[in-house]
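Presented below is the structure to which this report refers.
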Amino acid sequence: MKTLVTGGAGFIGSNLVKLLFEEGHEITVLDNLSSGYQSNLPASRQVRIVTGDVRDPVAVESAIDGAEVVFHLAASVGNKRSIDHPLDDSQINVLGTLTV
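Here's what the structure looks like:
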């Protein structure tokens, strides 16, 4: 099955990607790599990585093309960041979800 995992290079997302990979799914990961790492992901033709922001409609459209299932895990997390940058935090979490 063709899947999209937003935030797929983060801790939870990369573990989901590994499970989907082991089950033979074709996976696209959309991640801005701000807190996740590409090295967390299996190196395989089965895994396509789109480096981009979930708030960017062009990046989302590129990543979601052909996907049968979407796991939306991209988010800005952490209390300190949300207190220091509340507008950015809410834009990532709310606008990002609306864009997906």
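360 is the number of the first residue of the sequence shown in our numbering; add one for each residue after it.
The C-beta atom is built at its ideal place from N, Cα and C for all residues, glycine as well.
Check	Outcome
With a cut-off of 8 Å, do at least 3 Cβ pairs link the region 395-404 to the region 413-432?	no
Rank 371, 406, 452 by C-alpha distance to the C-alpha of residue 380 and give the top, closest one.	406
So residue 366 and residue 395 are supposed to be a Cβ contact under 8 Å. How far apart are they, rounded?	7 Å
Write down the C-beta distance between residue 427 and residue 361 rounded to the nearest angstrom, noting that I regard them as a contact closer than 8 Å.	5 Å
What does the alpha-carbon distance come out to for the pair residue 364 and residue 441?	23 Å
Output needed for residue 412: all residues of its chain with C-beta closer than 7 Å, excluding positions within five of it in sequence on either side, in chain order.	391, 418
Which of the three DSSP states, helix, strand or coil, is assigned to residue 427?	coil
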